[in-house]
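Numbering (the working numbering), first residue to last: 42 to 80. Right, one structure below, let's go through it.
So this is what it looks like as structure tokens:
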């Protein structure tokens, strides 16, 4: 099954991808992936 994964709002994507979609405003503080590990 073909699949694709991207960060929210295409964070770190090629800017040309953002040009075709209205309302996308990638912000690293809001849209980066965080993983917390607890010992």
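All C-beta atoms in this analysis are idealised placements derived from N, C-alpha and C, irrespective of residue type, glycine included.
Could you pull the start and end residues of the alpha helix (DSSP H) that residue i belongs to?
{"i": "residue 71", "result": "69-72"}
{"i": "residue 80", "result": "Careful: residue 80 lies outside any alpha helix (DSSP H) and carries neither H nor E."}
{"i": "residue 65", "result": "No alpha helix (DSSP H) holds residue 65; DSSP gives it neither H nor E."}
From residue i to residue j, what distance separates their C-alpha atoms?
{"i": "residue 107", "j": "residue 79", "result": "There is simply no residue 107 to check, as the chain begins at 42 and stops at 80 in what is shown."}
{"i": "residue 45", "j": "residue 57", "result": "18 angstroms"}
{"i": "residue 72", "j": "residue 48", "result": "7 angstroms"}
{"i": "residue 75", "j": "residue 50", "result": "15 angstroms"}
{"i": "residue 62", "j": "residue 43", "result": "23 angstroms"}
{"i": "residue 77", "j": "residue 70", "result": "16 angstroms"}
Rank the options by C-alpha distance to the C-alpha of residue i and give the top, closest one.
{"i": "residue 54", "options": "68, 42, 76", "result": "68"}
What is the DSSP secondary structure of residue i, reduced to helix, strand or coil?
{"i": "residue 49", "result": "helix"}
{"i": "residue 43", "result": "coil"}
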